[in-house]
Structures are given as structure tokens and as C-alpha cells.
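Inspection log for the structure reproduced underneath, given as C-alpha cells.
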Amino acid sequence: SRASSLALPVWAEARQNSDFSLFLPLLRQNLELRRRYVECFDAYAEPYDALLDDYERGTTSAEVRVVFDRLKTEQVPLVASGTREGSRPARDRPFPLEGQQQFELRVLERFGFDRNSWRLDPTVHPFASSLGIDDIRLTTRYHETNLDGLFGSLHECGHGLYEHGVSRTLERTPLARGTSLGLHESQSRLWENLVGRSLPFWRFFYPLLRETFPEALAAVELEDWYSSVNWVQPSPIRVEADEATYNLHVILRFELEQELLAGSVDLAELPELWNARMLEYLGIEPPNDRLGVLQDVHWAGGHIGYFATYALGNVISAQIWERLSAELPDLDDQFAQGEFGELRAWLTERLYRHGRKFTPKETLERVVGGPIDPEPYLRYLGTKLATLA
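Each residue of the sequence shown is one higher than the one before, starting from 57 at the first, in the numbering used here.
Shown next as C-alpha cells:
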């Protein structure tokens, strides 16, 4: 914790100055401490497994590589062919903050946000926290020229719904939490993307959005708005990445972490390795360290092994979606009417109420009937991009 406390302000300074060399000595120290931590364990097939197990219990590096190799094989060419040219519709126009806040609360209340036990507050970087089943705290950030903050709020609401849905019989016990970061991320991504970027969702909410921002959206039709919120265009920043490119950002980090832990690459060359892989996977090269290797806080905090859970969450979200869509075939009609209660009830019964009673693998088996599988996500992404072409 001392090393992380020292590293965080140096990382912030290095990021501000776009100078990796400032952060290099502290990162080297954090990496060495992670290696020593790994040496404390004998039961893992690979050293990286000890770090991964801290965030996704029971999942191995080999299992993640199988999933990520499949995603990379399909998504690199998919991104190359699906990247949109030209300017994105409905961007860079005035969206007053008061209107954004009011609209977001209308959406979140439809999802299950309760003003008696939930909060939504502004912050620099969005996150969700809970102090109990009936104390859910969400944060988001707003931009005056776009509505990206809305999707941050939907994302954090997904985390909140998971925590709020835990059975009250588990309250005040260590089991009253989500079972893993990957399962938790599956819910934030499900509500943000599979619900919040869907056409049926916007059939209901776009007229309300237009009423809220008549000046900005008067000439923007529903189809153009739907295209805008699903725009595929590689970006150097992970947290701003679209659905088609996001996993590739995570895979890059996962691969580099394993190489760094093994000592197979020179830490001083990390910015060049990062940029080369960005060019290979996404076709773009960050213009500086701030938009490249220094963009994330995780390594400064010693959180090596964390990144993989983000992409695992994407994969799991599509598996769950495919299963629940088969059992709830009229979801599109419900969303178009602004109704999300049946979806929430299904997720609560199958996933949320169990908290941490089961391991991540046991939980996934109970919800979808099998192990983690990237194919549903690839089917979902391919179908969606085809409709947007």
C-alpha cells in the first residue's frame, strides 16, 4: 500500500506531463512487489494466475487466453471493416447539464433507481459504491457538448442493480456482494450497451430526449441518433471506446501485463510496445504517453491482473443476454414501452439475489448453463454492426 500511495501522485504528474519516464521507477517497484507476491503461492499453474485470482476467483490465464485469442481473431478484422468515416451525428452541440441530470434520472428510475435508497452525484471518474442493499451510490461525469455521461450513468446503474438485488437474507454478511468483477462488469455492460444502446430502448426514450434538448436534436432523427450512440471509430482511450473496439484495448493490456510479469520485455520500452500493439489491433497510434500507456490508474495502484475482467464482463453479458432473450422473447416490445421490470426480475432471480454464495464459474453455470464462451458476444456484435452498415 505504501508503494501504491507513492506511485499514484507520480503517475498523475507523469500523465499530466505525458512523460512515462517520471513514472517508470515507481512502476518498476510496483511490478517487483507483484512478483514477490506471486512467489508466496505454489498452487498456480502460471505466476499471473495468482494475480488474476484476486479479481476473478478460479479463472486461469490459459482460460482467458483462449477467450481473448478468439475475440482478437474476429474483432481486429471486424473493426477494420466496421470503422465509420466522417463526422459522428449529434456531437459537439449544447446539452445543458441540468437537462442531462433530469433526463438521466428519468431513465434510471425506469431501470429501478429509487431516490429513497440510491444517489447519483457528479465526479471526475464514474464509479459505483454500496454500503448495503439499500444504500447504493452512483457517480457520473457530464460533458456540455455530448451525452457520453448518460452511458456512464447506465453503466454504474448496472453495478448498483446487482448490489441492490442481493437477497435480504444475506444482508450484513460477506456474501452480500457480487460474486466477481467479471460478473459485476457483465451487469454494467449489459444495462449500458445491450439495453441502453438498443433501438427499442431509444424508440421510447428518444422523444423524451428531444423534448429535453429541442435545440440540439431538432434536426436529428431517431435513426441518426441510434447510429451515433453505436458509432464505431477506434480511439486511443479505453474508457471512451465503442463496443467493437473495447475488448481489444483490454486484450492489449492483458498481454503486456503477462509479458511484464515474466520479464520478457524491457519495462523502459513499454510505451513503444503499447503503441505498436495499438497500431496492430486498432489501426491507430497514440500521439503521446498521456493518451497511451499512462491513461489508466490501475498499475499505479498495483492492480496488475485487473484489466481482463472488463472484457470477460463483455463476454458474459452477451451470454446472459442470449439466455434471457430466449426466455423473454418480447423484451424489445417491453423496452419500446419503457418497461424494464421483467428483465430486472429475471436477472434478480437468476443472478443478483445469490450474491457471493457461489464461485464465479458456478454462478455462470447456474445462469447460462455452461462455461464462459465468446461466441454469443461475437454473434451479438456481428449482427449489430451489420444493421448499422
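Backbone N, C-alpha and C define an ideal beta-carbon position, used for all residues, glycine too.
Between residue 59 and residue 358, the gap from beta carbon to beta carbon is short of 8 Å. In the DSSP assignment, residue 270 falls within the alpha helix (DSSP H) that extends over 270-273.
Contact between residue 242 and residue 369 is confirmed by a C-beta separation of about 4 Å, below the 8 Å threshold. In the DSSP assignment, residue 194 forms a beta bridge with 176 and 184. Judged by DSSP secondary structure, residue 301 falls within the alpha helix (DSSP H) whose first and last residues are 299-318. Exclusion of the five residues before and after residue 75 leaves 345 as the residues of its chain whose Cβ lies within less than 7 Å of its Cβ. The alpha-carbon separation between residue 200 and residue 273 amounts to approximately 14 Å.
When secondary structure is reduced to three states using DSSP, residue 286 falls in the coil class, being assigned neither helix nor strand. Counting C-beta pairs with one atom in each stretch, the stretch 199-213 and the stretch 330-341 have fewer than three that are closer than 8 Å, which means they do not touch. Each of 354, 316 and 305 was checked against the Cα of residue 331, and the nearest Cα belongs to 305. Going by C-alpha positions, residue 271 is about 19 Å away from residue 258. With at least 16 other beta carbons inside 10 angstroms of its own, residue 298 counts as buried.
Looking at 295, 267 and 262, the one whose alpha-carbon comes closest to that of residue 283 is 262. Within the model, the alpha-carbon separation for residue 386 versus residue 406 is close to 18 Å. Beta-bridge partners of residue 199 (DSSP): 202. By the beta-carbon neighbour count (other beta carbons within 10 angstroms, threshold 16), residue 249 is buried.
Nearest neighbour of residue 316 by Cα position, chosen from 277, 361 and 294, turns out to be 361. Between the stretch 376-392 and the stretch 418-425 there are three or more C-beta pairs closer than 8 Å, enough to call the two in contact.
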